[in-house]
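So the structure is just underneath, and the comments pick up after that.
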Amino acid sequence: MDLLNECRVKLNKERLVAPPLLFDYVRYTRILTPFEIEMIGSAMAWTIENDEIHAQYVKILIEQELYKMFINKCPNLKQLHLPEIPIWYFPGANSCFDKLQRLDCYHDVPSRSYFELAQVCRNLKRLIVRKFDSQNHGLASLIQNQHALQHVELTSDDIDIQHIGDALSSQADSLLHVYFHGKLCIPADSLATLVNLRSLKLNLLDEVNDRKSFESVIFPYLEVFDVDDFFTPFSVYTHLISKAPNLTRIHWGTLTRASVKELKDYIHVISLCKNLTFVTLWYHDSILDCLDQFFLSCSKLEGIRFVTDSVVWAEKLFIILADKAPKSLKTLNLGGGEYYDSDYADWEFTNEVLDNFLDTWKRMKRKPLSIYINPESEISFNCIKIIEKYLDDGTLKTYKYVDFFDEMECIRESWDAGINYRYN
Numbered sequence: 109m110d111l112l113n114e115c116r117v118k119l120n121k122e123r124l125v126a127p128p129l130l131f132d133y134v135r136y137t138r139i140l141t142p143f144e145i146e147m148i149g150s151a152m153a154w155t156i157e158n159d160e161i162h163a164q165y166v167k168i169l170i171e172q173e174l175y176k177m178f179i180n181k182c183p184n185l186k187q188l189h190l191p192e193i194p195i196w197y198f199p200g201a202n203s204c205f206d207k208l209q210r211l212d213c214y215h216d217v218p219s220r221s222y223f224e225l226a227q228v229c230r231n232l233k234r235l236i237v238r239k240f241d242s243q244n245h246g247l248a249s250l251i252q253n254q255h256a257l258q259h260v261e262l263t264s265d266d267i268d269i270q271h272i273g274d275a276l277s278s279q280a281d282s283l284l285h286v287y288f289h290g291k292l293c294i295p296a297d298s299l300a301t302l303v304n305l306r307s308l309k310l311n312l313l314d315e316v317n318d319r320k321s322f323e324s325v326i327f328p329y330l331e332v333f334d335v336d337d338f339f340t341p342f343s344v345y346t347h348l349i350s351k352a353p354n355l356t357r358i359h360w361g362t363l364t365r366a367s368v369k370e371l372k373d374y375i376h377v378i379s380l381c382k383n384l385t386f387v388t389l390w391y392h393d394s395i396l397d398c399l400d401q402f403f404l405s406c407s408k409l410e411g412i413r414f415v416t417d418s419v420v421w422a423e424k425l426f427i428i429l430a431d432k433a434p435k436s437l438k439t440l441n442l443g444g445g446e447y448y449d450s451d452y453a454d455w456e457f458t459n460e461v462l463d464n465f466l467d468t469w470k471r472m473k474r475k476p477l478s479i480y481i482n483p484e485s486e487i488s489f490n491c492i493k494i495i496e497k498y499l500d501d502g503t504l505k506t507y508k509y510v511d512f513f514d515e516m517e518c519i520r521e522s523w524d525a526g527i528n529y530r531y532n
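Our numbering applies: residue 109 is where the sequence shown begins, and numbers increase by one.
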């Protein structure tokens, strides 16, 4: 008796088998995640009282049978969150995994399991791995065996993993989007081979290793660069950006402090990115004289984020934004400094300053403006009345207090240039 029939017999014995469905819903499943399956297993196990061990046994049995059903009967499964159950052994796995386009691995998958997956799963477009170590050669094998991988997200506590770097290099022709979380887990020379990248996102908990090689990487087609990094010197990323002239979005979450010279060098570099639609700038009054040329050069700018680690009197910035910003500008974020080892950061303005800014914006017939401001910035009751007035007449589209780091998903999605994975 094969394993599938054995499970059915056991389920019959436990009286857990429902009558067959009138319509074959299962075959139309495109996305399979452990959450729903575990919920079903837990719900069934909950009916078993006073025997925790037996309830857990039934839960696992049900989950296993459900996975077998989906793997065997879903010819068009496109996205899978890999469970801890080795489902690639189940009947129909070869056909099911051959058509899989997205694989999400949120637990620590052993190297051997990745080697086994690499034998049946070769048409992935998107791979997300949230946990692995430097000895996981199976993951490298899975990456290398894909025919045209386009999007990879890797989370690791290790740096310079050569075999992972080599595996990504093998996909350089098709790879468009790469995200690194934790640490930059591949060597800079491997990163340099990914010349077709359209987006690169770095969420790092340690300084970039081999900064000299990292600075020299060239991304001729890069459009989106997102970085959260409190450790790597600001100038390192300025050098990298200077080698990516086609950027449309530069977003910083956390970043290191920069000198006035570094800020001006950065503005000079990003002024050469003629297609910019969104950018992050560290604010200091000394950069105001650079903004004129920046706004002239980046005429497609739609959103701008200013961050600070001090108290800023916003009048000068409001004047130059109202008079000089591109007509395309429609989103303004005034970010705070609580993530920059700062005791206090704030944007301050009077009722009159705010009213003049929005009135000029209105008279210039600019696009309705969305303002997202640091929650620590306190405004008066009269300022609130002014905001309501310009919301009512359409000058303002939105005015919200936002902790940019913890509550920004809605805004980030509006600037997401990631590939659209439509299923054929």
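Where a beta carbon is used, it is the ideal one built from N, C-alpha and C, also for glycine.
Quantities reported herein were computed from a predicted structural model and do not represent experimental measurements.
- In this structure, Asn180 is the residue among Asn180, Asp334, Leu235 and Leu232 with its C-alpha nearest to the C-alpha of Tyr136.
- No Cβ-Cβ contact shorter than 7 Å links Ile395 with Val387.
- Residue nearest to Pro434 within the set Leu130, Ser407 and Leu169 is Ser407 (criterion: CA-CA distance).
- In the pairwise beta carbon analysis, the segment 358-373 is classified as not touching the segment 425-439: fewer than three pairs are separated by under 8 Å.
- The way I'd put it, the segment 211-219 does touch the segment 175-194; three or more beta-carbon pairs between them come closer than 8 Å.
- The straight-line gap separating the alpha-carbon atoms of Phe327 and Ile487 is approximately 43 Å.
- By the Cβ neighbour-count rule, Asp501 is exposed, with fewer than 16 other Cβ atoms within 10 Å of its own.
- Ile479: member of the beta strand (DSSP E) spanning Leu477 to Ile481, first to last residue.
- According to the DSSP assignment, Arg471 belongs to no beta strand (DSSP E) but to the alpha helix (DSSP H) extending over Asn459 to Arg471.
- If you look at Gly361, you'll find it isn't in any beta strand (DSSP E); DSSP assigns it neither H nor E.
- Annotation for Cys213: no alpha helix (DSSP H) segment contains it, though the beta strand (DSSP E) segment containing it runs Arg210 to Cys213.
- The beta carbon of Ala275 is closer than 6 Å to those of Ala248, Ile251 and Gln252 in its chain, skipping five residues each way along the sequence.
- In the three-state reduction of the DSSP assignment, Glu456 falls in the strand class, which pools E and B.
- Between Leu310 and Asp337 a beta carbon distance of about 6 Å is seen, short of the 8 Å cut, so the two are scored as contacting.
- For Gln254, no alpha helix (DSSP H) encloses it, and the DSSP letter there is neither H nor E.
- A Cβ-Cβ separation of about 18 Å leaves Leu257 out of contact with Ser221 under the 8 Å criterion.
- Under the 10 Å beta carbon count, Asp241 is surrounded by fewer than 16 other beta carbons and is classified as exposed.
- Between His259 and Arg234 the beta-carbon gap is near 4 Å, inside 8 Å, which marks them as a contact.
- Distances from the CA of Asp318 to each of Glu331, Val332 and Lys291 were compared; the closest alpha carbon is that of Lys291.
- Apart from sequence neighbours up to five positions away, the residues of its chain that approach Ser478 with a beta-carbon distance below 6 Å are Thr439, Lys505 and Thr506, ordered along the chain.
- Phe339 is not a Cβ neighbour of Glu323, given a cutoff of 7 Å.
- Assignment of Gly200 by DSSP, reduced to helix, strand and coil, places it in the coil class.
- Counting C-beta atoms within 10 angstroms of its own C-beta, Asn482 has 16 or more neighbours from the protein chains shown and is therefore classed as buried.
- Of the other Cβ atoms in all chains shown, fewer than 16 fall within 10 Å of the Cβ of Lys382; this residue is therefore exposed.
- Within the segment 258-326, the alpha helix (DSSP H) runs of at least 4 residues that lie entirely inside it are, in chain order, 270-277, 296-299 and 319-323.
- Assignment of Val510 by DSSP, reduced to helix, strand and coil, places it in the coil class.
- Scanning its chain for C-beta atoms nearer than 6 Å, with the 5 sequence neighbours on each side dropped, one finds around Glu261 the residues Ile236 and Tyr287, in chain order.
- Excluding residues up to 5 positions away in sequence, Leu257 lie with their Cβ nearer than 6 Å to the Cβ of Gln279 in the same chain.
- Per DSSP, the beta bridge partners of Val332 are Ser307 and Arg357.
- If the five residues before and after Ile269 are omitted, its C-beta is found closer than 7 Å to the C-beta atoms of Ser242, Cys293 and Ile294, all from its own chain and listed in chain order.
- Shown here for His215: same chain residues with a beta carbon closer than 7 Å to its own, the five before and five after excluded, namely Glu192 and Lys239 in chain order.
- For Val134, there is no enclosing alpha helix (DSSP H), as DSSP marks it with neither H nor E.
- Taking a C-beta distance under 7 Å as the contact criterion, Trp469 and Thr416 do not qualify as a contact pair.
- Where Arg238 is concerned, the enclosing beta strand (DSSP E) starts and stops at Arg234 to Phe240.
- For Ile195, there is no enclosing alpha helix (DSSP H), as DSSP marks it with neither H nor E.
- For His189, the uninterrupted beta strand (DSSP E) segment begins and ends at Gln187 to His189.
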